[in-house]
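Let me begin by presenting the structure, written as structure tokens, before commenting on it.
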Amino acid sequence: MVLHFEKMLQYAPYFQRGMLYTILLSACTVAIGFVLALAVALIRISKPGKSLLSRGCNKALHFITGLYIEVVRGTPMLVQVMIVYYVLFHPKLLPKPQFTLFGFITGDLFVPALVAISLNSGAYVAEIVRAGIQGVDYGQTEACRSLGMTKLQNMRYIVLPQAIKNILPAIANEFVTIIKESSVCSVIGVQELMKNTQQVQGASFLPAEPLLIAAALYLCMTVPTSKIIAYFERRMRRGDQR
Amino acid sequence: MATSGNLIQVKDLVKTFESRIHALDHVSLAINQGDVVVIVGPSGSGKSTFLRSLNLLEEPTSGEVIFEGVNIAGKRVNIDVHRQKMGMVFQHFNLFPHLTILQNMTLAPMKVKKIPQKEAEEKALALLDRVGLRDRAEAYPIQLSGGQKQRVAIVRALCMEPEVMLFDEPTSALDPEMVGEVLEVMKSLAREGMTMVVVTHEMGFAREVATRVIFMDSGKIVEENPPEEFFQNPQSERLKDFLAKVL
Numbered sequence: 047m048v049l050h051f052e053k054m055l056q057y058a059p060y061f062q063r064g065m066l067y068t069i070l071l072s073a074c075t076v077a078i079g080f081v082l083a084l085a086v087a088l089i090r091i092s093k094p095g096k097s098l099l100s101r102g103c104n105k106a107l108h109f110i111t112g113l114y115i116e117v118v119r120g121t122p123m124l125v126q127v128m129i130v131y132y133v134l135f136h137p138k139l140l141p142k143p144q145f146t147l148f149g150f151i152t153g154d155l156f157v158p159a160l161v162a163i164s165l166n167s168g169a170y171v172a173e174i175v176r177a178g179i180q181g182v183d184y185g186q187t188e189a190c191r192s193l194g195m196t197k198l199q200n201m202r203y204i205v206l207p208q209a210i211k212n213i214l215p216a217i218a219n220e221f222v223t224i225i226k227e228s229s230v231c232s233v234i235g236v237q238e239l240m241k242n243t244q245q246v247q248g249a250s251f252l253p254a255e256p257l258l259i260a261a262a263l264y265l266c267m268t269v270p271t272s273k274i275i276a277y278f279e280r281r282m283r284r285g286d287q288r
Numbered sequence: 007m008a009t010s011g012n013l014i015q016v017k018d019l020v021k022t023f024e025s026r027i028h029a030l031d032h033v034s035l036a037i038n039q040g041d042v043v044v045i046v047g048p049s050g051s052g053k054s055t056f057l058r059s060l061n062l063l064e065e066p067t068s069g070e071v072i073f074e075g076v077n078i079a080g081k082r083v084n085i086d087v088h089r090q091k092m093g094m095v096f097q098h099f100n101l102f103p104h105l106t107i108l109q110n111m112t113l114a115p116m117k118v119k120k121i122p123q124k125e126a127e128e129k130a131l132a133l134l135d136r137v138g139l140r141d142r143a144e145a146y147p148i149q150l151s152g153g154q155k156q157r158v159a160i161v162r163a164l165c166m167e168p169e170v171m172l173f174d175e176p177t178s179a180l181d182p183e184m185v186g187e188v189l190e191v192m193k194s195l196a197r198e199g200m201t202m203v204v205v206t207h208e209m210g211f212a213r214e215v216a217t218r219v220i221f222m223d224s225g226k227i228v229e230e231n232p233p234e235e236f237f238q239n240p241q242s243e244r245l246k247d248f249l250a251k252v253l
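The listed protein sequences derive, respectively, from chains A and B. Residues 47 to 288, numbered by the numbering used here, are exactly what the first sequence covers, in order. Residues 7 to 253, numbered by the numbering used here, are exactly what the second sequence covers, in order.
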């Protein structure tokens, strides 16, 4: 078999745009997914107060977040993406946002895709964050609170910095996963790298070359991501060195 | 020595855990300004639980902890405000590993008392100087020995200028040769008139600096006396038995 990569040159803009789309989609997902995960994790470790109302709210929130995590982890992402696009963003339920970025990213596809994979990633990261927070020695909280700091200050200055340091490898793994899994969004027509690759296959009548290029481009995105996070991990380990 | 009024008054404190019936069994105690109260007793006697109840790290099941005239064990009390004035030193130091020694000491003054960074750092450095660790200000906790960590933990609490210092077995996790340096710091604090409540197994410390020694057993205060009386003339059988084992 002879590969004709030279014939791919004319399709370079497709790959370029697809890659930019994938990067933008993944970066937004990482940000939104992490905020969502943090909120869900904090709810899941929260303890009920003394009043009946507080206990009721706590129980309800625990149930909702528990259900959310179970549903997301127990169903295929392909199904989740399609449900968000066809059911949640059904014209009668939620209007699809109409805007255009860089001339080729349209809101009506970008936003449902972003919502779907953020919801997916948020559930996985929430469990990682929860384990990270619970992994910080309780003595740290006691020492911090004994100095008069509030619960919130304890979370922000003492617990979360240590938790995030501990879960960074797992988070890095999740970020890389998002870049790869965002390819699933091609099924609803999102013009990310995989969708554009398929279009190049159709236009060029060459099946292998576009796929090989796509694989190489995914690697170009995932490898630097893990390297960058490894760098931050080393920096944050300062406190561990003798 | 004891001068003006009660700083802390504990009334009828009860703490029940699910597993054990009474960790604290109706304990009452008054602590005066300048008191150095040393609490001893066998493990499981409730002495740590009692100490941790004083700043509400352990929430009592019932009873009152009156600190500066306020029942801080009551409902609707903002405990954070009162904890600022009650320094605590733990058995396992609990320094913040991701912060330098200086940051460990300045965090609470800056975030809680809103003291400017420069001022907080000056105060912290002066305190570090006092315990002979000024040159380690930029080090991380893991770079210090156990004794050094505990000295930092003590001055970290002092940075908040507390009215009382609570010590929860401060030397129990230390190598024997490091116990002395920590006790020295505590003794100098006591000499300056700091009000202290100390749970410890260091009988020498109790003898030397305590104004009162308390013996606890099964959640109760069994005996409470000045150190001479406490060690020379123990009343109860249980204290006699305990002293025979530890001295």
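Cβ atoms here follow ideal geometry from the backbone N, Cα and C, with glycine treated the same way.
* Please check the pair V95 (chain B) and D174 (chain B), which I expect to be a contact at CB under 8 Å, by giving their CB distance rounded to whole angstroms. => 7 Å
* Helix, strand or coil: how does DSSP classify Q15 (chain B) here? -> strand
* **Burial state of R288 (chain A) (16 or more Cβ within 10 Å)** => Unreliable positioning characterises R288 (chain A) in this predicted model, as indicated by a pLDDT of 48, which lies under 50. The coordinate reading is nonetheless provided below. Exposed is the call here.
* **Enclosing beta strand (DSSP E) for A36 (chain B) [first to last residue]** => L30 to N38
* Asked: Grouping DSSP H, G and I as helix and E and B as strand, with all else coil, what is A8 (chain B)?
  -> With a pLDDT of 39 at A8 (chain B), under the threshold of 50, the predicted position of this residue should be treated as unreliable, and no value is reported.
* Mind checking whether the beta-carbon of R213 (chain B) lies closer than 6 Å to any heavy atom of the ligand GDP? -> This structure simply doesn't include the ligand GDP, nor any ligand for that matter.
* Near-chain A residues of the segment 107-136 of chain B - C-beta to any C-beta below 7 Å -> L113, A114, K117 and V118
* To do: Kindly indicate if chain A contains any beta-carbon less than 7 Å away from that of F102 (chain B).
  => yes
* Own chain, CB closer than 6 Å to I174 (chain A), minus 5 neighbours either side, in chain order -> I213 and A216
* To do: Pick helix, strand or coil for F221 (chain B), following the three-state DSSP scheme.
  => Correct three-state label for F221 (chain B): strand.
* What does E229 (chain B) pair with, by DSSP beta-bridge criteria? -> B:F221
* Report yes or no: is there a C-beta of chain A within less than 7 Å of the C-beta of Q156 (chain B)? => Not closer than 7 Å to any Cβ of chain A, the Cβ of Q156 (chain B) fails to qualify, so no.
* **7 Å Cβ cutoff met for A159 (chain B) and V42 (chain B)** => A distance of 7 Å or more separates the beta carbons of A159 (chain B) and V42 (chain B).
* **Contiguous beta strand (DSSP E) assignments of at least 3 residues, all confined to the segment 150-191 of chain A** => Runs of the beta strand (DSSP E) inside the segment 150-191 of chain A: none found.
* Quick one: does M94 (chain B) have its CB under 7 Å from some CB of chain A? -> Chain A contact via Cβ: present.
* For the beta strand (DSSP E) that I148 (chain B) lies in, which residues bound it at each end? -> Where I148 (chain B) is concerned, there is no enclosing beta strand (DSSP E), given that its DSSP letter is neither H nor E.
* Given a cut-off of 7 Å, decide if V236 (chain A) and A172 (chain A) are closer than it, judged by their beta-carbon atoms. => no
* Name the residues in the segment 56-83 of chain B whose C-beta lies less than 7 Å from a C-beta of chain A; which are they? -> N61 and L63
* Secondary structure of F73 (chain B), DSSP reduced to three states -> DSSP places F73 (chain B) in strand when its eight states are reduced to three.
* Using a Cβ-Cβ distance under 7 Å, would R89 (chain B) count as near chain A? -> yes
* What in chain A is Cβ-close to M166 (chain B), meaning under 7 Å? -> L193 and G194
* According to DSSP, what are the bridge partners of K21 (chain B)? -> Under DSSP, the beta-bridge partners assigned to K21 (chain B) are B:L30.
* Determine the contact status of P66 (chain B) and L19 (chain B), defining contact as a CB-CB distance below 7 Å. => yes
* **Min CB distance I204 (chain A) to chain B below 7 Å** => yes
* To do: Report buried or exposed for N84 (chain B), applying the criterion of at least 16 other Cβ atoms within 10 angstroms of its Cβ.
  => exposed
* Asked: Is any beta-carbon of chain A found at less than 7 Å from that of D141 (chain B)?
  -> no
* Indicate whether at least one CB of chain A lies closer than 7 Å to the CB of H98 (chain B). => Closer than 7 Å: yes.
* With 7 Å set as the bound, which would you pick, yes or no: does the beta-carbon of P59 (chain A) sit closer than that to a beta-carbon of chain B? -> no
* Could you check if A83 (chain A) is buried or exposed, using at least 16 other CB atoms within 10 Å of its CB as the buried criterion? => By the 10 Å Cβ count, A83 (chain A) comes out buried.
* Verify the CB distance criterion: does D247 (chain B) have a CB-CB separation below 7 Å to chain A? => no
* Asked: Of all the alpha helix (DSSP H) runs that stay within the bounds of the segment 91-159 of chain A, which reach a length of 4 or more residues?
  -> The segment 91-159 of chain A contains these whole alpha helix (DSSP H) runs: 98-120 and 123-129.
* Asked: Comparing alpha-carbon positions, which option in B:E214, B:K226 and B:G225 lies nearest E235 (chain B)?
  -> B:E214
* Asked: Taking only runs of the alpha helix (DSSP H) that begin and end inside the segment 208-276 of chain A, which ones reach a length of at least 4 residues, in chain order?
  -> Restricted to the segment 208-276 of chain A, the alpha helix (DSSP H) segments that are unbroken, complete and at least 4 residues in length are 239-250, listed in chain order.
* To do: Consult DSSP for S242 (chain B) and reduce its assignment to one of helix, strand or coil.
  => coil
* Nearest-angstrom Cα separation, counted from R63 (chain A) out to F148 (chain A) -> 9 Å
* **Residue span of the alpha helix (DSSP H) that contains M184 (chain B), given as start and end** => Note, M184 (chain B): alpha helix (DSSP H), P182 to R197.
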